[in-house]
Amino acid sequence: MKKKENNYAFIDSQNLNLGVLSLGWKLDYKKFRIYLKEKYCVSKVYLFIGYIPSNQDLYSFLQEAGYVCVFKPTLPNEKGEVKGNIDADLVLQAMIDYKKYDKALIISSDGDFYSLVKYLYRQNKLKCV
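According to this note's numbering, the sequence shown holds residues 1 to 129 in order.
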């Protein structure tokens, strides 16, 4: 009998959100969590997100839906837009948990994680990007 995979997902929440919005869609985070579990055997989903105190209800909802929220203090950029800069945290967590998962899913919409993806691919630890 084939062993069921134990995969982890690492989500850049800012890039996921911007990507979905650019398509004119709205993501149902509860259904997305179920989809990741059923389609890709994801047992743990890390959601890397910039912390804004006024969004506490959203964070509670995401945690109740099964996401492990990893918060980063936010800073406004020169345009006044709030940015969390979570890239290093996502890469670090993927490596901390490296021996705990069979394969990783990296969910982002840019090339910031090229080196991580390349390494995981070479180690046969990458499920999809």
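Where a beta carbon is used, it is the ideal one built from N, C-alpha and C, also for glycine.
- Here N85 is not near K100, since their CB atoms are 8 Å or more apart.
- The beta carbon of G19 is closer than 6 Å to those of S109 in its chain, skipping five residues each way along the sequence.
- Rounded to the nearest whole angstrom, the CA to CA distance from G111 to G80 is 24 Å.
- According to the DSSP assignment, Y121 belongs to the alpha helix (DSSP H) that extends over 114-122.
- By the 16-neighbour rule on beta-carbons within 10 angstroms, A9 is buried.
- Beta-bridge partners assigned by DSSP to P76: V82.
- Straight-line measurement puts the Cα of E78 at about 35 Å from the Cα of K44.
- For D97, there is no enclosing beta strand (DSSP E), as DSSP gives it neither H nor E.
- Per DSSP, the beta-bridge partners of N7 are V42.
- Our two residues, L16 and L75, have alpha carbons roughly 19 Å apart in a direct line.
- Using a 10 angstroms sphere on the CB of A104, the tally of other CB atoms reaches 16 or more, which defines it as buried.
- Residues of the same chain with a CB within less than 6 Å of the CB of V91, apart from the 5 flanking positions on each side, are L116 in chain order.
- In this structure, DSSP gives V129 a state outside helix and strand, which the three-state scheme calls coil.
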